[in-house]
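**Student:**
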Amino acid sequence: MKITSLQSKTVLPQVAVLLIALNAFSIYADVFIAGLNALDRNHYASAYRSFKPLADNGIAEAQNNLGFLYQNGLGVRRNYNTAITWYQLAAKQGLPEAEHNIGMLNYWGYGVAQDFNIARRWFKKSAEKGLGDSHYMIGLIFFKGEGTQVSIARASKHFTDAAKSGNANAQYMLAHMMVSGDVESGYKRSSERLSPFDFEIFSNKTSNQLIAALALASLASKNGQDSANQLVEFLKFQIDEEQIPIAETLSEDCIATNYKNCPIF
């Protein structure tokens, strides 16, 4: 589930909306930050007391976070219906995190009947606003054929969009799909980038795919996907030792440019 945080990369556009709205009532910003700090310390009752008055005053980010508390029973008794109510209020204001969270409740069937199609519609709303986690969920739905036909092409597209936002699960899935041959790396060789020796290495398409897969798996691991560690070790045994630094360079380039110049895709 997505909490709205001032420090989350996925909510920068929403942070701007929040801060503009709070400029006229500066006390709101202090209260919201106090709620985030309480969440970080696992002081959920305090977080609730911070977010509730803001939510009552129509602050979408606070409404979303209040829904999160009710959904997970943090500082309050768990109540999916109340969680959905708060998420819907935030979603009516266009908050993508709230739209994503409603999608997750429909995906798992928490508080509502499980419905993958409804979930996908909500994920589509938030994905169109750039939320990488929602792209990942749409990719997963198409990959598994949940409520729709399996579509590796659509799954790959959404996993790629999610991976470019730094979503570790999407990076892990793409790495697996490259290994299995379900998707090809978008990595393009450049004379400015690779030595003649590297060109010879990359002349083998399978080698190219495995190196790109290793770079993606490494990214997923660095971004907290624990299962990616095993895939990283597996892939290191599938390529030559001198190819490993190439994969490391690819992943480092992605991180250094915040995925804006990521040769893997």
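Those letters in the sequence shown? Residues -10 to 254, per our numbering, in order. Where is the CB? At the ideal position from N, CA and C, for every residue including glycine. Computed from a predicted structure; not experimentally measured.
1. Going by the beta-carbon positions, is the gap between Leu43 and Val65 smaller than 8 Å?
2. Determine the closest residue to Leu257 out of Phe57, Thr137, Gln219 and Arg110, with distance taken between C-alpha atoms.
3. Tell me which residues share the same chain as Ala236 and place their Cβ nearer than 6 Å to its Cβ, disregarding the 5 neighbours each side in the sequence.
4. With DSSP as the reference, label Arg67 as helix, strand or coil.
5. Expressed to the nearest angstrom, what Euclidean distance is found between the alpha-carbon atoms of Ala217 and Met162?
6. From this set, Ser115, Thr246 and Asn95, which residue's C-alpha is nearest Gln60's C-alpha?
7. For Asn54 versus Gly83, is the C-beta distance shorter than 8 Å?
8. Grab the span of the alpha helix (DSSP H) containing Ala159 for me, first residue to last.
9. Which residue spans inside the region 79 to 120 form an unbroken beta strand (DSSP E) run of at least 3?
10. Where do the N-terminal and C-terminal ends of the alpha helix (DSSP H) with Gly56 fall, by residue?
11. From the DSSP output, in three-state form, read off Asp215 for me.
12. So, Gly136 versus Arg109, is the Cβ gap smaller than 8 Å?
13. Report the rounded CA-to-CA distance for Ala80 versus Lys118, giving the unit in angstroms.
14. Along the alpha helix (DSSP H) that carries Lys146, what are the first and last residues, could you check?
15. Is the CB-CB distance between Ser145 and Met166 below 8 Å?
16. Here's a check: name, in chain order, each residue in its chain whose Cβ is nearer than 6 Å to the Cβ of Thr246, leaving out the five neighbours to either side.
17. Assuming Asn158 contacts Gln232 (C-beta within less than 8 Å), just tell me the rounded distance between them.
18. Going by other Cβ atoms of all chains shown within 10 Å of its Cβ, with 16 needed for buried, is Ile261 buried or exposed?
19. Measuring straight from C-alpha to C-alpha, what distance separates Pro234 and Lys211?
20. Taking the beta carbon of Glu50 as the centre, do at least 16 other beta carbons fall within 10 Å, making it buried, or is it exposed?
21. Do Leu208 and Ser240 have their beta-carbon atoms positioned less than 8 Å apart in this structure?
22. Do His89 and Asp122 have their C-beta atoms closer together than 8 Å?
23. Within the continuous alpha helix (DSSP H) that includes Asp45, where are the two ends?
24. Where does Phe226 fall in DSSP's three states?
25. With a threshold of 8 Å on Cβ separation, who are the neighbours of Ile91 within its own chain once the five nearest residues in sequence on each side are excluded?
26. I'd like to know whether the C-beta atoms of Thr149 and Phe254 end up nearer to each other than 8 Å.
27. Could you compute how far the alpha carbon of Lys249 sits from the alpha carbon of Asp242?
28. Can you say whether Ala142 is buried or exposed, counting buried as having 16 or more other CB atoms within 10 angstroms of its CB?
**Tutor:** So, to answer that:
1. No, the pair does not count as a contact, with Cβ atoms beyond the cut-off.
2. Any property of residue 257 remains undetermined from this structure, which presents the chain solely from -10 to 254.
3. Cβ neighbours of Ala236 beyond the five flanking positions: Ile200, Leu203 and Ala204.
4. Three-state DSSP puts Arg67 in coil, outside helix and strand.
5. Pairing Ala217 with Met162, the inter-Cα distance amounts to about 9 Å.
6. Nearest C-alpha to Gln60: Asn95.
7. Not a contact, by the Cβ cut-off of 8 Å.
8. That run of the alpha helix (DSSP H) goes Ala157 to Ser169.
9. Counting only unbroken stretches of 3 or more residues, no beta strand (DSSP E) element lies wholly within the region 79 to 120.
10. The continuous alpha helix (DSSP H) containing Gly56 extends over residues Ala49 to Asn61.
11. Asp215: coil per DSSP, three-state reduction.
12. A Cβ-Cβ contact shorter than 8 Å links Gly136 with Arg109.
13. Rounded to the nearest whole angstrom, the C-alpha separation of Ala80 and Lys118 is 12 Å.
14. From DSSP, the alpha helix (DSSP H) with Lys146 extends over Ile141 to Lys153.
15. In contact: Ser145 and Met166 (Cβ atoms closer than 8 Å).
16. Hits under 6 Å: none found.
17. Actually they are not in contact, since the Cβ atoms of Asn158 and Gln232 sit about 25 Å apart, beyond 8 Å.
18. The structure shown has nothing for residue 261, since the chain only spans -10 to 254.
19. Roughly 16 Å separates the two Cα atoms.
20. Glu50 should be labelled buried.
21. Yes, they are a contact pair.
22. The answer is yes: Cβ separation under 8 Å.
23. From DSSP, the alpha helix (DSSP H) with Asp45 extends over Tyr33 to Asp45.
24. Residue state, collapsed to three classes: coil.
25. Within the same chain, Cβ atoms closer than 8 Å to the Cβ of Ile91 are found at Ile73, Tyr76, Gln77, Ala80 and Trp111, the five residues on either side in sequence being excluded.
26. Result yes, Cβ atoms of Thr149 and Phe254 sit closer than 8 Å.
27. Near 9 Å, if we compare the C-alpha coordinates of Asp242 and Lys249.
28. Exposed, since its Cβ has fewer than 16 Cβ neighbours within 10 Å.
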